[in-house]
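Asker: Sequential numbering of the sequence shown, starting at 85, is according to the working numbering.
By construction, the Cβ of each residue, glycine as well, lies at the ideal position given by its N, Cα and C atoms.
It should be emphasised that the depicted structure is a prediction, and the values quoted were computed from it without experimental measurement.
Take a look at this one; I'll ask things after.
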Amino acid sequence: MTRITDVVKHLLIINVLVFFATLLAWGNPAPELMGPLLGGTGDFADWERYQLALFFPSSPYFRPYQLVSHMFMHADIRHLLLNMLGLYMFGSALETFWGERKFLFYYLFSGLGGMLLYLFVKYLEISSGNVEEQVMKYYLQNVPMLGASGAIFGLMVGYGVQFPDNVISLLFPPISLKAKYFVLIFAGLELFFGLGIVNISSGVAHFAHLGGALFGFLLILYWRKYGSRL
């Protein structure tokens, strides 16, 4: 079993504590994001429940601290478990390889990169006029983004780059792949789903995932060329 390194352990604890603190304070952190089949209501009127999530900068609910806090809030227990599984799978190996400070910087940088690409894509959607104006206006004002997925996809890419021939075994589907192929497949799927989505209420920020992967990859390239002082 993989030894859980210190920063990974602390990130796991913080994410779990934030989730259950939100659960105790306001109920499920974001039932609206789960969709009608899972009990979602589509009503984001309860501001306090989402104050740690990230709203679009033009929203009256936006606060600067959300740029970081959204990475520690999750929509439901499944969302939390999947992201924490990714942190466990990829994080400790990278922390051991890079060291604590460099790993933490990479994690947060990837998460912020995911946020930036997500916001940029939403801006393009507004500018292009492909989405009805009133629908997009409501969405940008009232629907938050949350979760560590951008950072986790950054870790996935980092693992694939640093340990390309390590084998990753999945329970579902029950297959084993080298890390470099695992990353390519997952990134390809995210791009496919991201470009194919026309219903903005799907609840999955695919371009946040892609942004985390992209910014993580670019940071590794930068470190390889110029080094790191961390």
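Does the beta-carbon of A263 have 16 or more other beta-carbons within 10 angstroms, so that it is buried, or is it exposed?
Answerer: That one is buried.
Asker: Which two residues bound the contiguous beta strand (DSSP E) that contains V241?
Answerer: Taken as a continuous stretch (DSSP letters only), V241 belongs to no beta strand (DSSP E), being part of the alpha helix (DSSP H) at 233-246.
Asker: Identify whether M157 lies in helix, strand or coil by the three-state DSSP scheme.
Answerer: In the structure shown, M157 sits in coil (DSSP, three-state: anything other than H, G, I, E or B).
Asker: Straight-line CA distance for L302 to I269?
Answerer: About 19 Å.
Asker: Have a look at V102 and Y310 and give me their C-alpha separation to the nearest angstrom.
Answerer: C-alpha separation (whole angstroms): 36 Å.
Asker: Distance check for G175 and K93, CA to CA, integer angstroms please.
Answerer: Each residue's Cα considered, the two are about 9 Å apart.
Asker: Quick one: what's S211 bridged to in DSSP?
Answerer: For S211, which the question treats as bridged, DSSP gives no partner whatsoever.
Asker: Pull up the DSSP beta-bridge partners for K262, would you.
Answerer: Note: K262 sits in a beta bridge opposite V251.
Asker: Sort G295, N226, V251, W307 by Cα distance to M199 and report the nearest one.
Answerer: Of the listed residues, the one whose Cα sits closest to M199 is G295.
Asker: CB-CB under 8 Å to H154, same chain, minus the five flanking residues each way: which ones, in chain order?
Answerer: Same-chain partners within the cutoff: L136, A137, L138, M199, P228, M229, L230, G231.
Asker: Measuring CA to CA, which of Q150, G170, Y223, F299 is closest to S253?
Answerer: Looking at the Cα atoms, G170 is the closest of the given residues.
Asker: Could you spell out where the alpha helix (DSSP H) holding V91 opens and where it closes?
Answerer: Segment 90-110, the alpha helix (DSSP H) holding V91.
Asker: Look up L138 in the DSSP assignment and say whether it is helix, strand or coil.
Answerer: Strand, per DSSP.
Asker: Taking 7 Å as the threshold (C-beta atoms), are F181 and Q246 in contact?
Answerer: Yes. Within cutoff.
Asker: What is the residue span of the alpha helix (DSSP H) that F317 lies within?
Answerer: With the chain covering only 85 through 314, there is no way to say anything about residue 317.
Asker: Considering only heavy atoms of the ligand ZN, does any lie closer than 6 Å to the CB of V288?
Answerer: Judged by which ligands are present, the structure shown has none, so any question about the ligand ZN falls away.
Asker: What's the call for G272, buried or exposed, on a 16-neighbour Cβ count within 10 Å?
Answerer: It is exposed - the Cβ of G272 has fewer than 16 other Cβ atoms within 10 Å.
Asker: Find the nearest neighbour of Q150 within the set R162, Y134, G244, judged by alpha-carbon distance.
Answerer: It is Y134.
Asker: What does DSSP give as the partner residue(s) for M229 in the beta ladder?
Answerer: Note: M229 sits in a beta bridge opposite L138.
Asker: In three-state terms, what does DSSP make of L196?
Answerer: Helix, per DSSP.
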